[in-house]
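Engineer: Just so we're aligned, residue 1223 is where the first sequence starts under my numbering, counting upward by one.
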Amino acid sequence: MTRSRGAGSSPAMSEVRVRFAPSPTGYLHIGGVRTALYSWLWARQHGGTFILRIEDTDRERSTEESIQIVLESMRWLGLDWDEGPEVGGDHGPYVQSERLDIYADYAERLIASGHAYRCYATKEEIAAAREAHQKSGTKDGFRFESPWRDRTDEPDDPSARHVIRFRAPHEGTTSWVDEVKGKIDILNSTQQDFILLRPDGMPLYNFGCVVDDLTMGVTVVARGDDHMINTAPQILLYETLGTPVPAFAHMPMVLAPNGEKLSKRHAAVGVLEYRDMGYLPDAVLNYLARLGWSHGDQEIFTRQELIEKFGWNRVGSTAGRYDAKKFLHVQAEHLRMLSDEAIARLSVPFLAKNGIEVEADDPVLLKTIPYVRPRAETFVDVAEAVDYFFREVEFDAKGKRKFLVPDSAQTLLRLADVVEPVEPFTKGPLDATVKAWLEESELPMKVVAQPARVAMTGRTRSPGLFEVMEVLGKEKTLMRLRAAAEIAAAAETPSA
RNA sequence: GGCCCCAUCGUCUAGCGGUCAGGACAUCGGCCUCUCACGCCGGUAACGCGAGUUCGAUUCUCGCUGGGGUCACCA
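1) Helix, strand or coil for Asp1457 per DSSP?
2) Specify the secondary structure class of Lys1361 as computed by DSSP and reduced to three states.
3) According to DSSP, Met1701 sits in a beta bridge with which residue or residues?
4) Could you check if Ala1511 is buried or exposed, using at least 16 other CB atoms within 10 Å of its CB as the buried criterion?
5) When you compare the CB positions of Tyr1249 and Val1491, do they come within less than 8 Å of one another, or not?
6) Taking a contact to mean a Cβ-Cβ separation below 8 Å, would you say Ile1252 touches Ile1333 in this structure?
7) Go through its chain and collect everything with a Cβ distance to Trp1303's Cβ below 6 Å, but skip five positions before and after it.
8) Spell out the partners DSSP gives Pro1596 in its beta bridges.
9) If the criterion is Cβ atoms closer than 8 Å, does the pair Phe1572 and Gly1500 meet it?
10) Could you tell me which of Ser1381, Asp1415 and Gly1394 sits nearest to Asp1407, measuring between CA atoms?
11) Between the segment 1701-1712 and the segment 1669-1680, are three or more C-beta pairs nearer than 8 Å?
12) Grouping DSSP H, G and I as helix and E and B as strand, with all else coil, what is Trp1303?
13) Going along the chain, which unbroken runs of the beta strand (DSSP E) with 3 or more residues stay wholly within the segment 1283-1352?
14) If you check the beta carbons only, do Glu1641 and Leu1634 fall under 8 Å apart?
15) Suppose you measure from the CA of Met1235 to the CA of His1268; what does that come to, to the nearest Å?
16) When the Cα atoms are used, what is the spatial distance from Asp1504 to Gly1254?
17) With DSSP as the reference, please indicate the residues paired to Gly1404 in a beta bridge.
18) Which class does Leu1484 belong to by DSSP, given the choice of helix, strand or coil?
19) Compare the beta carbon distance of Phe1366 and Gln1413 with 8 Å and say whether it is the shorter of the two.
20) Whole angstroms are fine: how far does the CA of Phe1688 sit from the CA of Trp1659?
21) Using C-beta distances below 7 Å, list every residue in its chain close to Gln1553, excluding the 5 sequence neighbours before and after it, in chain order.
22) Starting from the Cα of Glu1320, find the closest Cα among Ala1654, Gly1363, Gly1423 and His1488 and give me that residue.
23) So what does Trp1534 bridge to, in DSSP terms?
24) How is Met1739 classed by DSSP in three states: helix, strand or coil?
25) Ala1444 lies in the beta strand (DSSP E); which residues open and close that run?
26) Rounded to the nearest angstrom, what separates Gln1520 and Gln1526 at their Cα positions?
27) In the DSSP assignment, the beta strand (DSSP E) including Val1240 goes from what residue to what residue?
28) Using 8 Å as the threshold, is the C-beta distance between Val1443 and Tyr1460 below it?
29) Can you tell which of Asp1375, Lys1624 and Val1292 has its C-alpha closest to the C-alpha of Pro1244?
30) Would you tell me roughly how many angstroms separate the C-alpha atoms of Arg1225 and Asn1535, rounded to the nearest one?
31) Let me make sure I understand the geometry here. Which of Thr1247, Ser1284 and Thr1396 has the alpha-carbon closest to that of Pro1455?
32) Grab the span of the beta strand (DSSP E) containing Leu1426 for me, first residue to last.
33) Should Asn1480 go down as buried or exposed, given a rule of 16 or more other Cβ atoms within 10 Å for buried?
34) By how many angstroms is the C-alpha of Arg1497 removed from the C-alpha of Gly1518?
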């Protein structure tokens, strides 16, 4: 799609400063992660600065615990920040609730210059006005017109509870050239005197955001396009403050598969859940990057490739829908790109969760990786797939009933005998020896394989038989085959 | 409803006036095979509608329809 874009992507821009400014109200939403990612990529690509800022001015919903979740999420993803909580920086503090004096200062300036005013209207008055508006049957949206906008007299009690409102212009047009959406024009007649500061000094979003972005020197403001409604008021603020206006990049949102706003109901939305599900940070980044951004036909990207190839001009303008299956596929691709050592190391915590305590350099674990790799998509899968190499077999009920039957008892015993003298006990010689025996005794592999598989792994699905034998080692292989033979012999003949 | 954004296979997308409309996930066949995977081969599947502009529109313009967002002392 051809679209003229903003100047923020111009290489002439001397310094790139971008920020991610989540509000800590729970988990870090994967939609937010995508915004953070694009900003981070942009900063890294340009050797710029990535700022993390906490927007905690909503006292009702913000919690310290949520801040920790945000930080933990960013750390896990590897989206490191150059300025922000814990690392500091020259433009701090980086938590909005600690910047109240700065907002107050800017608000006073706006009052002094006549661009803002104290409004003593009560919530009840506003509610009444809204109701009257609805009853009037007008087609326009509701805008509260404060009587204090034009009052020159002092209130009876100037210290009474009041907010500070912006004196919004009613005429003209506010425009910007969005990095992803192109040129946008908003009529100022649709603006209202939005609130800058609450009675308690907490800034509202548009004000806090602008004051922070300008004092922090942010050059590109990237956010979801649900914020587009906020951009015109913010530009108005920059203009009246006489400061440069940053570039804006409004990216389409991530929707649920059914097109609704993505929430817990539809998918795991907290990014840490993916860590617990055994996903790789790079896979999360890859999937999210590709959801709404493209680079030709390429689907799989390393972190470094993302940094090199990202650009706002390749961010699409349509909302993307969350697709769990594609996400899983991308995760599988990334897992399979890893070395055996890396897969082993990253699987350790998941094995521990299953009660299997092994070291990352455990030789048995390392030997299993090549065989589970094509069968695993997540680390949860890996832990599950190597289970029987580290503990006694637990027979799958159906597999046991079907394959550990009297008929197979002899086969299992003979297989054990055939395999016993093989040296080295590796898949090549094992394969050759067993195949020779099968040919000689005119037994099809099929009738041997499944009982043996259940005997050694407890399951009907596993890596190749000889691979399993090799990893298990001679001793355990023989033990399991013979133990299973006993169980098989004792089993009731299925009444056919 | 006002304002804003958006519109190519089921999904993510490529396409930037002339293509058999390409890729990926999913799906359906087949191959491989000791199971399950992996892998490989192949199939089904899309330009929302209507006007223009043009020799020619998926592509440019407008309208319609449809979807989304937003109308807070939330962010």
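C-beta: ideal position from N, C-alpha, C; glycine also.
Structural biologist: Result, derived from the coordinates:
1) Looking at the sequence itself, residue 1457 is Ile, so the reference to Asp does not match. Looking at Ile1457 - three-state DSSP - the assignment turns out to be helix.
2) Residue state, collapsed to three classes: coil.
3) In the DSSP assignment, no residue is bridged to Met1701.
4) Within a 10 Å sphere around the beta-carbon of Ala1511 sit 16 or more other beta-carbons, which makes this residue buried.
5) Yes, these two residues count as a Cβ contact at 8 Å.
6) The answer is no: Cβ separation not under 8 Å.
7) Phe1272 and Leu1274.
8) Pro1596 has no beta-bridge partner at all, per DSSP.
9) In this structure, Gly1500 lies closer than 8 Å to Phe1572 by Cβ.
10) The option with the nearest alpha carbon to Asp1407 is Gly1394.
11) Yes, since at least three Cβ pairs between the segment 1701-1712 and the segment 1669-1680 fall closer than 8 Å, the two stretches touch.
12) If DSSP states are grouped into helix, strand and coil, Trp1303 belongs with coil.
13) For the segment 1283-1352, whole beta strand (DSSP E) runs of length 3 or above, ordered along the chain, are 1338-1341.
14) Position check: residue 1641 holds Val in this sequence, whereas Glu was assumed. Not a contact, by the Cβ cut-off of 8 Å.
15) Caution applies to Met1235, whose pLDDT of 49 falls short of 50 and renders its modelled position unreliable; the value that the coordinates give is listed next. So the alpha carbons of these two residues sit roughly 10 Å apart.
16) The alpha-carbon atoms of Asp1504 and Gly1254 are separated by roughly 16 Å.
17) Note: Gly1404 sits in a beta bridge opposite Asp1400.
18) For Leu1484, the three-state secondary structure derived from DSSP is coil.
19) No, the Cβ-Cβ distance between Phe1366 and Gln1413 is not below 8 Å.
20) The C-alpha of Trp1659 lies about 14 Å from the C-alpha of Phe1688.
21) Counting only Cβ-Cβ distances below 7 Å, and skipping sequence neighbours, we find Tyr1501, Leu1502, Ala1505, Glu1599 and Thr1600.
22) Among Ala1654, Gly1363, Gly1423 and His1488, the Cα nearest to that of Glu1320 belongs to Gly1423.
23) DSSP lists no partner for Trp1534.
24) Nothing about residue 1739 can be reported from this structure: the residues present for the chain run from 1223 to 1718 only.
25) Unbroken beta strand (DSSP E) run through Ala1444: Val1442 to Gly1446.
26) Taking the CA atoms as reference points, Gln1520 sits about 14 Å from Gln1526.
27) For Val1240, the enclosing beta strand (DSSP E) starts and ends at Arg1239 to Phe1242.
28) Result no, Cβ atoms of Val1443 and Tyr1460 do not sit closer than 8 Å.
29) The shortest Cα separation from Pro1244 among Asp1375, Lys1624 and Val1292 belongs to Val1292.
30) In this predicted model, Arg1225 has a pLDDT of only 47, less than 50, meaning its place in the structure is not dependable; the value taken from the coordinates is given anyway. Each residue's Cα considered, the two are about 9 Å apart.
31) Pro1455 has its Cα closest to that of Thr1396, out of Thr1247, Ser1284 and Thr1396.
32) For Leu1426, there is no enclosing beta strand (DSSP E), as DSSP marks it with neither H nor E.
33) By the 10 Å Cβ count, Asn1480 comes out exposed.
34) Straight-line Cα distance between these residues: approximately 29 Å.
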